[in-house]
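>
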Amino acid sequence: MAIKRFYLILFVFLIFLLIGITAKRNTSSDKNPPPFDFITKLKGYQKGNNTKEVHDLKAYLERFGYLNKNEATNGDFDDALESAIKTYQKNFHIKPSGVIDDDTISKMRAPRCGVADIVNGTNYMQPRNKNHLPRPTSIHTVSHFSFFRGEPRWPPAKNHLTYRFSSDFAADLVARAFQRWESDTHFSFSRVGNNQEADIVIEFKQGYHGDGSPFDGPYGILAHSFAPTDGRLHFDADENWSAADIPSADAIHLESVAVHEIGHLLGLGHSAIEEAIMYPTIGSGEVKTNLQEDDIQGIAYLYNYQN
Ligand code: ZN
Ligand code: ZN
Ligand code: CA
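Numbering of the sequence shown is given in the working numbering, commencing with residue 133 and proceeding in unit increments.
So this is what it looks like as structure tokens:
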């Protein structure tokens with residue numbers, strides 16, 4: 133009798149253990165925090181505060197060009213990191229304090245493009261010297277558009293670009309994004325069959341796929357693309373992409389991201405103007421599909437429009 137009771141208690145205990153393990157596994161896989169959420173743990177941090185999360189922050193800033201590789205090897209909140217944060221804050225119009233404040237956290241957490249803001253020491257998001265800028269269309273115009281290093285562009289005579297997909301997913305939305313650039317530039321675009329030669333190749337990729345910044349599951353890096361005349365545009369296949377005109381609050385508006393990435397394909401870098409299509413971040417639920425003066429001026433400068 134005593135033995136029977138013992139087995140019953142053991143059985144009940146094992147059932148509870150099993151339920152416990154299953155529940156734990158569910159919470160850890162269902163609630164994987166978005167990739168950039170580690171930054172919230174660094175609230176109030178500044179020079180002298182050294183932790184593991186500081187190492188993650190350095191990796192983040194290295195990925196987007198604010199630190200070079202050998203500055204990002206440890207978890208020390210050192211001079212290099214402070215200066216990188218100040219540069220980041222300037223680019224995003226936050227008071228350059230070098231302290232991880234609320235504004236910095238909310239910007240760094242935002243989903244964004246995988247193309248770096250700074251490459252080989254060139255900070256694309258800060259205005260360049262004056263004789264490099266186009267004739268201002270009005271005295272109040274401040275342009276923040278930028279280009280890739282060496283200002284690569286499509287040959288002037290090549291004003292028609294073809295594009296293809298690796299699957300038909302979201303093809304109509306991306307077509308709409310191309311039309312938005314068509315109306316304000318000298319470019320026209322047309323789709324060719326998925327197996328044909330094309331100037332631009334659009335694919336959905338997962339994780340590390342051998343180029344650019346590795347994709348990272350939902351949120352974090354949304355997409356990346358390459359300067360002319362490379363033509364590769366990659367979307368992170370793991371995003372909760374929305375095809376709706378107005379996406380739900382937790383979804384990423386695919387057409388908006390496509391309009392941004394096409395800007396890179398044509399030769400634009402990131403802009404510090406928050407309203408511009410070429411601004412690096414976009415919130416979930418946000419819609420941003422209309423080219424702004426800054427974007428249009430950027431293309432006009434790069435391709436020497438005489439208007
Ligand atoms: Zn971008
Ligand atoms: Zn890629
Ligand atoms: Ca992602």
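Glycine residues also receive a C-beta, built at the ideal position from the N, C-alpha and C atoms.
Keep in mind the model is a prediction, meaning the values are calculated, not measured.
Is V247 near ligand 1, going by C-beta to nearest heavy atom under 6 Å?
Here residue 247 refers to the residue found at position 115 of the sequence shown. At least one heavy atom of ligand 1 is nearer than 6 Å to the Cβ of V247, so yes.
> For F347, which of helix, strand or coil comes out of DSSP?
Translated into the one-based positions of the sequence shown, residue 347 becomes position 215. Looking at F347 - three-state DSSP - the assignment turns out to be coil, as it is neither helix nor strand.
> Tell me the residue span of the alpha helix (DSSP H) that contains A369.
Along the sequence shown, read from residue 1 onward, the residue named residue 369 stands at position 237. Premise fails: A369 is in no alpha helix (DSSP H) and is neither H nor E.
> For ligand 2, any of its heavy atoms closer than 6 Å to the Cβ of D370?
In the sequence shown, the residue the question calls residue 370 occupies position 238. No, ligand 2 has no heavy atom inside 6 Å of this Cβ.
> Tell me the DSSP secondary structure of K184 in three-state form.
Against the sequence shown, residue 184 aligns to sequence position 52. Reduced to three states, the DSSP call for K184 is helix.
> Tell me which same chain residues have a C-beta within less than 7 Å of the C-beta of S345, skipping the five on either side of it?
Taking the sequence shown and counting its residues from 1, the one referred to as residue 345 is at position 213. Excluding sequence neighbours, S345 sits near R195, G246, I353, H356.
> Which residue marks the beginning of the alpha helix (DSSP H) containing T219, and which one marks its end?
Position 87 of the sequence shown, counted from the first residue, corresponds to residue 219. It spans 211 to 223 - the alpha helix (DSSP H) in which T219 sits, taken as one unbroken run.
> Indicate the three-state DSSP secondary structure (helix, strand or coil) for A432 in the structure shown.
Translated into the one-based positions of the sequence shown, residue 432 becomes position 300. Helix at A432.
> Could you give the DSSP three-state label for L107: helix, strand or coil?
In the structure displayed, the chain extends from 133 to 439; residue 107 sits before or after that span and is not available.
> Under the assumption that F336 contacts F367 (Cβ atoms under 8 Å), give the Cβ distance between them as a whole number of angstroms.
Locating residue 336 in the sequence shown gives position 204, counting from the first residue. Locating residue 367 in the sequence shown gives position 235, counting from the first residue. Yes, they are in contact, since the Cβ atoms of F336 and F367 sit about 5 Å apart, within 8 Å.
> Helix or strand or just coil, what does DSSP make of H272?
The count along the sequence shown starts at 1 and reaches residue 272 at position 140. With a pLDDT of only 44 at H272, under 50, the local geometry of the prediction cannot be trusted, and the value read off the model is given with reservation. In the structure shown, H272 sits in coil (DSSP, three-state: anything other than H, G, I, E or B).
> I need the DSSP call for R364, collapsed to helix, strand or coil.
Along the sequence shown, read from residue 1 onward, the residue named residue 364 stands at position 232. Here R364 sits in strand by DSSP.
> Could you give the DSSP three-state label for V251: helix, strand or coil?
Position 119 of the sequence shown, counting from 1, holds the residue named residue 251. Looking at V251 - three-state DSSP - the assignment turns out to be strand.
> Looking only at its chain, what residues have a beta carbon closer than 7 Å to the beta carbon of G282, apart from the 5 residues adjacent to it on each side?
Taking the sequence shown and counting its residues from 1, one reaches residue 282 at position 150. Result list for G282: empty, nothing under 7 Å.
> Three or more C-beta pairs closer than 8 Å, one from the stretch 391 to 409 and one from the stretch 276 to 290: is that the case here?
With the cut-off at 8 Å, the stretch 391 to 409 and the stretch 276 to 290 touch.
> When you compare only the Cα positions, how much space is there between N326 and Y198?
Looking up residue 326 in the sequence shown gives position 194. Looking up residue 198 in the sequence shown gives position 66. Distance between the alpha carbons of N326 and Y198 is about 37 Å.
> Hey, out of W286, Y220, P243, whose CA is closest to N255's CA?
Position 123 of the sequence shown holds residue 255. When each option's Cα is compared against that of N255, the closest is Y220.
> Rounded to the nearest angstrom, what separates Q258 and N252 at their Cα positions?
Position 126 of the sequence shown, counted from the first residue, corresponds to residue 258. Position 120 of the sequence shown, counted from the first residue, corresponds to residue 252. The straight-line gap from Cα to Cα measures roughly 14 Å.
> Going by alpha carbons, who is nearest to P287 out of E425, D370, L397, S315?
Here residue 287 refers to the residue found at position 155 when the sequence shown is read from its first residue. P287 has its Cα closest to that of L397, out of E425, D370, L397, S315.
> Apart from the five residues on each side of it in sequence, which residues of its chain come closer than 8 Å, Cβ to Cβ, to D377?
As a working mapping, residue 377 is identified with position 245 in the sequence shown. V419, listed in sequence order.
> For the candidate residues S229, K222, G230, I237, whose alpha-carbon lies nearest to that of I250?
Translated into positions along the sequence shown, residue 250 becomes position 118. Out of S229, K222, G230, I237, K222 has the C-alpha closest to the C-alpha of I250.
> Got a sec? Which residues, its chain only, sit under 8 Å from N291 by beta carbon, not counting five neighbours each side?
By one-based count along the sequence shown, residue 291 stands at place 159. Excluding positions up to five away in sequence, the list reads H318, F319, S320.
> Give the straight-line distance between the Cα atoms of A248 and A408, rounded to the nearest whole angstrom.
Walking along the sequence shown from the start, residue 248 turns up at place 116. Walking along the sequence shown from the start, residue 408 turns up at place 276. Cα to Cα, the separation comes out at about 17 Å.
> Would you mind sorting E393 into buried or exposed? The rule is 16 or more other CB atoms within 10 Å of its CB.
The residue labelled residue 393 in the question sits at position 261 within the sequence shown. Classification for E393: buried.
> Excluding the 5 residues flanking H187 on each side, which residues of the same chain have their C-beta closer than 6 Å to its C-beta?
If you number the sequence shown from 1, residue 187 lands on position 55. These residues qualify, in order along the chain: G207.
> Any residues whose CB sits closer than 6 Å to a heavy atom of ligand 2? List them in chain order?
Answer in sequence order: K337, H341, D343, G344, H356, H366.
> At what residues does the beta strand (DSSP E) containing F336 begin and finish?
As a first step, residue 336 must be located in the sequence shown, where it is residue number 204. Segment 332 to 337, the beta strand (DSSP E) holding F336.
> Ligand 3 and I353: does the residue's C-beta get closer than 6 Å to at least one heavy atom of that ligand?
Along the sequence shown, read from residue 1 onward, the residue named residue 353 stands at position 221. Yes, ligand 3 has a heavy atom inside 6 Å of this Cβ.
> Taking only the alpha-carbon atoms, compute the straight-line gap between F224 and K239 and give it to the nearest angstrom.
As a working mapping, residue 224 is identified with position 92 in the sequence shown. As a working mapping, residue 239 is identified with position 107 in the sequence shown. F224 and K239: Cα-Cα distance of roughly 8 Å.
> Taking the beta strand (DSSP E) that S416 falls in, what are its first and last residues?
Locating residue 416 in the sequence shown gives position 284, where the first residue counts as 1. Taken as a continuous stretch (DSSP letters only), S416 belongs to no beta strand (DSSP E), as it is neither H nor E.
> Between the C-alpha atoms of V306 and S215, what's the straight-line distance to the nearest angstrom?
Your numbering for residue 306 matches position 174 in the sequence shown. Your numbering for residue 215 matches position 83 in the sequence shown. Their Cα atoms are separated by approximately 38 Å.
> Give the range of the alpha helix (DSSP H) segment to which S229 is assigned.
Looking up residue 229 in the sequence shown gives position 97. No alpha helix (DSSP H) contains S229, which DSSP labels as neither H nor E.
> Answer yes or no: the CB of D377 versus the heavy atoms of ligand 3, is any distance below 6 Å?
As a first step, residue 377 is located in the sequence shown; it is residue number 245 there, counting from the start. No, the Cβ of D377 stays beyond 6 Å of every heavy atom of ligand 3.
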